[in-house]
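Novice: For what it's worth, the numbering used here labels the leading residue of the sequence shown as 19, then goes sequentially. Quick one: this structure, given as structure tokens, is what I'll be asking you about.
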Amino acid sequence: MRIGFVTQLLWDRYGAFWHHLFEEIGAEVAVPDSESVPGFLDDSRVTSVPGLAFQLAVAQALTLQECDLLVVPSLNAGSESRRGGGQDPWVSDFPGALGTLRGIPPVLGVPAWLAAGQETLVVESLQQIVRDATRVRRVWDRHRSRLRHEPLSDPGWGTAAGRKTVGVLGQPWLLNDDLASRVAPAEARVIGQHKIDPFRLREEGSRLDPRMIPTDQEALGAARLFSRRGTVSELHLIIDVTSGSDLWLQDRITKHAGKPLVVHSLQEIITDGSFELLAKGNGM
């Protein structure tokens, strides 16, 4: 069986585990070819999707049409909220939304994070590849210890001599080192939301609005955390103006930001349509 992986959305949180798991069980694994992805960006199945990151993810899926199964992230697995990003099916149920497109192979949605409690999903997924229970058990036993969340270390909140510190935040799939450095003032010390443990940020965000979906809570939690830190002088928010849920999130963060807030649109940062900055750090 040939299994393809969509790597664009939060791959660093869950991808290596599932890639190694299926590879060891004997499946042929495939990831998107970065040279093939641009050829699908004008496809109507891509252009109809809101949000540049999700368009790129769908284009990746289309390069994997010959696979027998696609493994894709469920960004808010288990959440039934319909507030904010919960109203966007691509955010609330990316596997389900992707599976409605013509030409897409069967889709397996896996949580976009590793944690205890996913054992049943893992075993059932392996059994789709091989019907040998003994072999599945052996592979699972070798990988069992890796199914856990590894918290990110504290980014450090101290001052930098002669430099102001700024916090960069947004939807978690819009953040990487290169994008953060693009929006931050010259010579500023940058602390990106993506450098802070997401579960810590979700806890922060839930204190402001427990009804939001987890990914919205991450961004709102970052705004709350940055605002409480005396060494952070201003906040820089990255949004995708083609995403209604991003605009909703901007409004929420604006209300709760306790410090100067500068908003940057992804469309202003990525002006050549290449998606290269957005794709960095996501398996491309």
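Just so you know, even glycine gets a beta-carbon here, dropped at the ideal spot from N, CA and C. Computed from a predicted structure; not experimentally measured.
Using the three-state DSSP reduction, which class does P7 fall into: helix, strand or coil?
Specialist: Past the edges of the chain, shown from 19 to 302, lies residue 7, and the structure says nothing about it.
Novice: Rounded to whole angstroms, how far is the Cβ of L93 from the Cβ of A130, which I believe are closer than 8 Å?
Specialist: Rounded, the Cβ-Cβ distance is 5 Å, consistent with contact.
Novice: So the candidates are K213, A206, I209, A241; which of them puts its Cα closest to the Cα of E222?
Specialist: Looking at the Cα atoms, A241 is the closest of the given residues.
Novice: Check each candidate in W191, I214, L187, D215 and name the one with the smallest Cα separation from A202.
Specialist: When each option's Cα is compared against that of A202, the closest is L187.
Novice: Out of curiosity, what's the CA-to-CA distance linking W191 and L28?
Specialist: The alpha-carbon atoms of W191 and L28 are separated by roughly 6 Å.
Novice: Counting along the chain, where does the beta strand (DSSP E) carrying E41 start and finish?
Specialist: Taken as a continuous stretch (DSSP letters only), E41 belongs to no beta strand (DSSP E), being part of the alpha helix (DSSP H) at 29–43.
Novice: Work out the CA separation of H274 and G96 for me, nearest whole Å.
Specialist: Each residue's alpha carbon lies about 26 Å from the other.
Novice: Which stretch, first to last residue, makes up the beta strand (DSSP E) that contains G210?
Specialist: Unbroken beta strand (DSSP E) run through G210: 207–210.
Novice: Are the beta-carbon atoms belonging to L87 and V125 less than 9 Å from one another?
Specialist: Yes. Within cutoff.
Novice: If you pair each beta-carbon of the segment 257–270 with each one of the segment 62–73, do three or more pairs fall below 8 Å?
Specialist: The answer is yes - the segment 62–73 touches the segment 257–270, with three or more Cβ pairs under 8 Å.
Novice: Is it right to say G301 is buried, meaning 16 or more other beta carbons lie within 10 angstroms of its own, or is it exposed?
Specialist: Below a pLDDT of 50, predicted positions are generally treated as unreliable, and G301, at 47, falls in that range; the measurement from the model is reported next regardless. It counts as buried.
Novice: Got a sec, what are the start and stop residues for the beta strand (DSSP E) R20 sits in?
Specialist: 20–23 is the span of the beta strand (DSSP E), which, as asked, contains R20.
Novice: Could you compute how far the alpha carbon of H161 sits from the alpha carbon of V24?
Specialist: Rounded to the nearest angstrom, the two C-alpha atoms are 21 Å apart.
Novice: To the nearest angstrom, report how far apart V303 and H167 are at their CA atoms.
Specialist: An answer regarding residue 303 cannot be provided, because it is not within the stretch 19 to 302 covered by the chain.
Novice: Counting along the chain, where does the alpha helix (DSSP H) carrying E46 start and finish?
Specialist: Unbroken run through E46 is the beta strand (DSSP E), 46–48; no alpha helix (DSSP H).
Novice: When burial is assigned at 16 or more other CB atoms within 10 Å of the CB, is Q285 buried or exposed?
Specialist: Exposed is the call here.
Novice: How close, in whole Å, do the beta carbons of I256 and L197 come, if the pair is a contact with beta carbons under 8 Å?
Specialist: At roughly 6 Å, the Cβ-Cβ gap stays under 8 Å, so I256 and L197 are in contact.
Novice: Determine which residues share a DSSP beta bridge with H274 and list them.
Specialist: Answer by DSSP bridge pairing: none, since H274 is not bridged.
Novice: Kindly identify the DSSP beta-bridge partner or partners of S52.
Specialist: Answer is none; S52 lacks a bridge partner.
Novice: In the DSSP output, what is T233 paired with across the bridge?
Specialist: None; T233 has no bridge partner.
Novice: State buried or exposed for T65, treating a residue as buried only when at least 16 other CB atoms are found within 10 Å of its CB.
Specialist: Looking at its Cβ environment, which holds fewer than 16 other Cβ atoms inside 10 Å, T65 is exposed.
Novice: In whole angstroms, what is the alpha-carbon distance linking I91 and S199?
Specialist: Note that residue 91 is Pro in the sequence shown, not Ile. When rounded, the distance between both Cα atoms is 26 Å.
Novice: Can you tell me where the alpha helix (DSSP H) with L226 in it begins and where it stops?
Specialist: From DSSP, the alpha helix (DSSP H) with L226 extends over 216–226.
Novice: Please return the same chain residues whose Cβ sits closer than 7 Å to the Cβ of E205, not counting the five positions on each side in sequence.
Specialist: So the qualifying residues of the chain are R181.
Novice: H254 bridges to which residues according to DSSP?
Specialist: Its beta-bridge partners are V186, V280.
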